[in-house]
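Heads up: the sequence shown is residues 72 to 447, going by this note's numbering. Think of the CB as a built atom: it goes at the ideal place given N, C-alpha and C, for glycine as much as any other residue. For clarity, every value in this text was computed on a predicted model and none was experimentally measured.
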Amino acid sequence: MSVIVKKVESRCGMRRFIRFPVDLYKGVPFYVPTLAIDEGATLNLRKNPVRKFCKAEFYMAYKDGKPAGRVAAIINEKANEIWEHKEVRYGWIDFIDDPAVSEALLEAVAEFGRRNGMTRIVGPLGFTDEDPEGMVVEGFDQISTYNLKYNFSYYKDHMERLGFEKVIDWLEYRVPIPQETPERIRRIASIVKERYGVSTFHPTRRQILKEGIGRKIFDLINRTYCGLYNFTPLPDDLIDFYVDSYIGLIDSDLLLGVNDKDGKLIGFGISMQSIAGACRKCGGRLFPLGWWHLLKSLRWKQEDTVELMLIAVDPAWMGKGINALIFDAMVPVYRAHGFRWAETNAELEDNLKIRSIWQEFETEPNKRRRIYGKDL
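Set out below in structure tokens:
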């Protein structure tokens, strides 16, 4: 039977869209399901503020009447304007090992792009940089983080067979937490504090949600990452959405701000305790007992890994050792929490400044992610 692709147009269809990868990767020890409630909030364009600058359609592929794949087709109008291109993005892409399925899904995205005047297709990308990005092309035997997505090794073969080519790669690291901060990082941090009079602090939940620190964090992110691949600056309403949904829920010990001598925020590090094991146990569902696995992981029996989500540094302070200052402050915190490992977020392969930090921790990349694209 031929492959049929259907647009998702109902709540039932969206639940099937969200559930598909959980079934596809059943029994795969490296796959970490996203909480359905989180993914549902992100993909609900009636509530997600990205609707103001993004168009999207969602598709499911069926073969012999059974779900065989999924994909989101996205046009980020703000990114297209800033970067002066006409790209349609594909994201949230998963499929069985059948070339007819992957081809049908990506053709649905391409057709959505052509209807809207796009000239190129790229991905995997989300609505913004806060969504999962990149397709795993190395490190299939490494467990995924909650914030990024796992995929089978055959995805790469499908993309290349369809004529997609590499656009850019990201690297991820699994870093052993040392007993003490590496000496060179500790020395740089001491010099920075003495020379510039900067200080570090852990913001409280009230400061983040009620006193404007959350907004300041994302304003800093906008200024730090504005020159990186396809970055979309976040407007205030989307910042509030992310602060309320995520930042305010993270243990404040794992958030670190850096102020200059006048009290202005010039740097910030965001990390969170891993919930990968808890999400695997509950299959991405909070009910009936998923909430218990998550609560236990967050409150009483933390997993041995911390996820390093991002570091943002004011452009005027780049190259002055703020990254080292953040690591110097956080290594003792990670040890106190009992973490043995840190998993980094995806980092652009040409971001040599941040990659040089990991050399001090004697580690190598354990995963590689890729953006694939081609002209329509």
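Taking the CB atoms as reference points, tell me whether residue 325 and residue 342 lie closer together than 7 Å.
Within the sequence shown, the letter at position 254 stands for residue 325. Within the sequence shown, the letter at position 271 stands for residue 342. Yes. Within cutoff.
Report all residues from its chain with a CB closer than 6 Å to the CB of residue 74; omit the five preceding and five following residues, and keep chain order.
To locate residue 74, count along the sequence shown from 1; it is residue 3. Closer than 6 Å at the Cβ level, and outside the excluded window around residue 74, lie 132, 134, 171, 172, 175.
Best match in 289, 88, 257 for proximity to residue 401 [C-alpha to C-alpha]
As a first step, residue 401 is located in the sequence shown; it is residue number 330 there, counting from the start. Minimum Cα distance to residue 401 is reached at 257.
If you draw a straight line from the C-alpha of residue 397 to the C-alpha of residue 297, how long is it?
In the sequence shown, residue 397 corresponds to position 326, counting from 1. In the sequence shown, residue 297 corresponds to position 226, counting from 1. Each residue's alpha carbon lies about 21 Å from the other.
Residue 268 bridges to which residues according to DSSP?
Counting from 1 along the sequence shown, the entry for residue 268 is found at position 197. BP columns for residue 268 are empty, so no partner.
Residue 426 and residue 208 closer than 7 Å at C-beta
Locating residue 426 in the sequence shown gives position 355, where the first residue counts as 1. Locating residue 208 in the sequence shown gives position 137, where the first residue counts as 1. Not in contact: residue 426 and residue 208 (Cβ atoms no closer than 7 Å).
Rounded Cβ spacing between residue 143 and residue 124 (contact assumed at less than 8 Å)
For the purposes of this step, residue 143 is taken as residue 72 along the sequence shown, with counting starting at 1. For the purposes of this step, residue 124 is taken as residue 53 along the sequence shown, with counting starting at 1. In fact, because the Cβ distance is near 16 Å, the residues do not count as touching under 8 Å.
Between the alpha carbons of residue 444 and residue 235, how many angstroms are there, rounded?
Taking the sequence shown and counting its residues from 1, the one referred to as residue 444 is at position 373. Taking the sequence shown and counting its residues from 1, the one referred to as residue 235 is at position 164. Using only the alpha carbons, I get a separation of about 5 Å.
Is residue 439 helix, strand or coil by DSSP?
Locating residue 439 in the sequence shown gives position 368, counting from the first residue. Three-state result, residue 439: strand.
Express the C-alpha separation of residue 87 and residue 81 in angstroms, rounding to a whole number.
Translated into the one-based positions of the sequence shown, residue 81 becomes position 10. Translated into the one-based positions of the sequence shown, residue 87 becomes position 16. Spanning the two alpha carbons is a distance of roughly 10 Å.
Rounded C-beta distance between residue 418 and residue 305? I'm assuming under 8 Å.
Your numbering for residue 418 matches position 347 in the sequence shown. Your numbering for residue 305 matches position 234 in the sequence shown. That belief does not hold up - the Cβ atoms of residue 418 and residue 305 are roughly 20 Å apart, past 8 Å.
Measuring only the C-alpha atoms, how far is residue 251 from residue 431?
For the purposes of this step, residue 251 is identified with residue 180 of the sequence shown, where counting begins at 1. For the purposes of this step, residue 431 is identified with residue 360 of the sequence shown, where counting begins at 1. If I take the Cα positions, the gap works out to 12 Å.
Exposed or buried, what is residue 204 when buried is set at 16 or more other beta-carbons lying within 10 Å of its beta-carbon?
Against the sequence shown, residue 204 aligns to sequence position 133. Buried, by the Cβ-count rule.
Classify residue 435: buried if its beta carbon has 16 or more other beta carbons within 10 angstroms, exposed otherwise.
Counting from one through the sequence shown, the residue named residue 435 turns up at place 364. Flag for residue 435 reads exposed.
First through last residue of the alpha helix (DSSP H) which encompasses residue 225:
Residue numbering aside, residue 225 sits at position 154 when the sequence shown is read from its first letter. Element bounds for residue 225: 225-232.
From residue 312 to residue 164, what distance separates their C-alpha atoms?
Working through the sequence shown from its first residue, we reach residue 312 at position 241. Working through the sequence shown from its first residue, we reach residue 164 at position 93. Approximately 24 Å, taken between the alpha carbons.
Report the three-state DSSP secondary structure of residue 114 (helix, strand or coil).
For the purposes of this step, residue 114 is taken as the residue at position 43 of the sequence shown. Here residue 114 sits in helix by DSSP.
Could you tell me how far apart the beta carbons of residue 271 and residue 193 are, in whole angstroms, since I believe they sit closer than 8 Å?
Numbered from 1 along the sequence shown, position 200 holds the residue referred to as residue 271. Numbered from 1 along the sequence shown, position 122 holds the residue referred to as residue 193. Incorrect: roughly 38 Å between the Cβ atoms, too far for contact.
Kindly identify the DSSP beta-bridge partner or partners of residue 344.
What you label residue 344 is simply residue 273 of the sequence shown in a count that begins at 1. DSSP, once it has assigned bridges, lists 377 as partnering residue 344.
Neighbourhood of residue 523 by C-beta, 6 Å cutoff - its chain only, sequence neighbours within 5 removed:
Given that the chain is displayed from residue 72 to residue 447, the structure contains no residue 523 and the question cannot be resolved.
Candidates 146, 238, 201, of which the one nearest residue 113 by Cα:
Locating residue 113 in the sequence shown gives position 42, counting from the first residue. Per the Cα distances, 201.
Which residue comes first and which comes last in the beta strand (DSSP E) that contains residue 321?
By one-based count along the sequence shown, residue 321 stands at place 250. Counting along the chain, residue 321 falls outside any beta strand (DSSP E), and DSSP gives it neither H nor E.
Does DSSP put residue 146 in a helix, a strand or coil?
Position 75 of the sequence shown, counted from the first residue, corresponds to residue 146. Of the three classes helix, strand and coil, the one that applies to residue 146 here is strand, per DSSP.
Limits of the unbroken beta strand (DSSP E) element including residue 401
In the sequence shown, the residue the question calls residue 401 occupies position 330. Element bounds for residue 401: not the beta strand (DSSP E) but the alpha helix (DSSP H), 393-407.
Name the DSSP bridge partner or partners of residue 339?
Residue 339 sits at position 268 when you count from the first residue of the sequence shown. According to DSSP, residue 339 bridges with 328, 383.
Alpha carbon of residue 264 to alpha carbon of residue 447, nearest angstrom
On the sequence shown, position 193 is the one that residue 264 refers to. On the sequence shown, position 376 is the one that residue 447 refers to. Looking at the two C-alpha atoms, the distance is approximately 52 Å.
Tell me whether residue 450 is buried or exposed, calling it buried when 16 or more other Cβ atoms sit within 10 Å of its Cβ.
Lying before the first or after the last residue shown, residue 450 is absent from the chain, which here runs from 72 to 447.
From what residue to what residue does the beta strand (DSSP E) around residue 94 run?
Locating residue 94 in the sequence shown gives position 23, where the first residue counts as 1. Residue 94 -> not in any beta strand (DSSP E); alpha helix (DSSP H) instead, spanning 82-95.
Taking 6 Å as the limit between beta carbons, can you name the residues of its chain near residue 246, skipping five residues before and five after?
Counting from one through the sequence shown, the residue named residue 246 turns up at place 175. Hits under 6 Å: 413, 432, 434.
What is the DSSP secondary structure of residue 74, counted as helix, strand or coil?
Taking the first residue of the sequence shown as position 1, residue 74 is located at position 3. Note: residue 74 maps to coil in three-state DSSP.
Restricting to runs no shorter than 4 residues, where is the alpha helix (DSSP H) found entirely within the stretch 164-220?
170-186
Using only the alpha-carbon positions, how far apart do residue 118 and residue 106 sit?
The residue given as residue 118 occupies position 47 in the sequence shown. The residue given as residue 106 occupies position 35 in the sequence shown. The alpha-carbon atoms of residue 118 and residue 106 are separated by roughly 17 Å.
Does residue 296 come out as helix, strand or coil in the three-state DSSP assignment?
As a working note, residue 296 is residue 225 in the sequence shown. Helix at residue 296.
Quick one: give me the first and last residue of the alpha helix (DSSP H) that residue 428 is part of.
Counting from 1 along the sequence shown, the entry for residue 428 is found at position 357. Here the alpha helix (DSSP H) through residue 428 covers 423-429.
Validate contact between the stretch 331-340 and the stretch 386-396 using beta carbons, cut 8 Å, 3 pairs
yes
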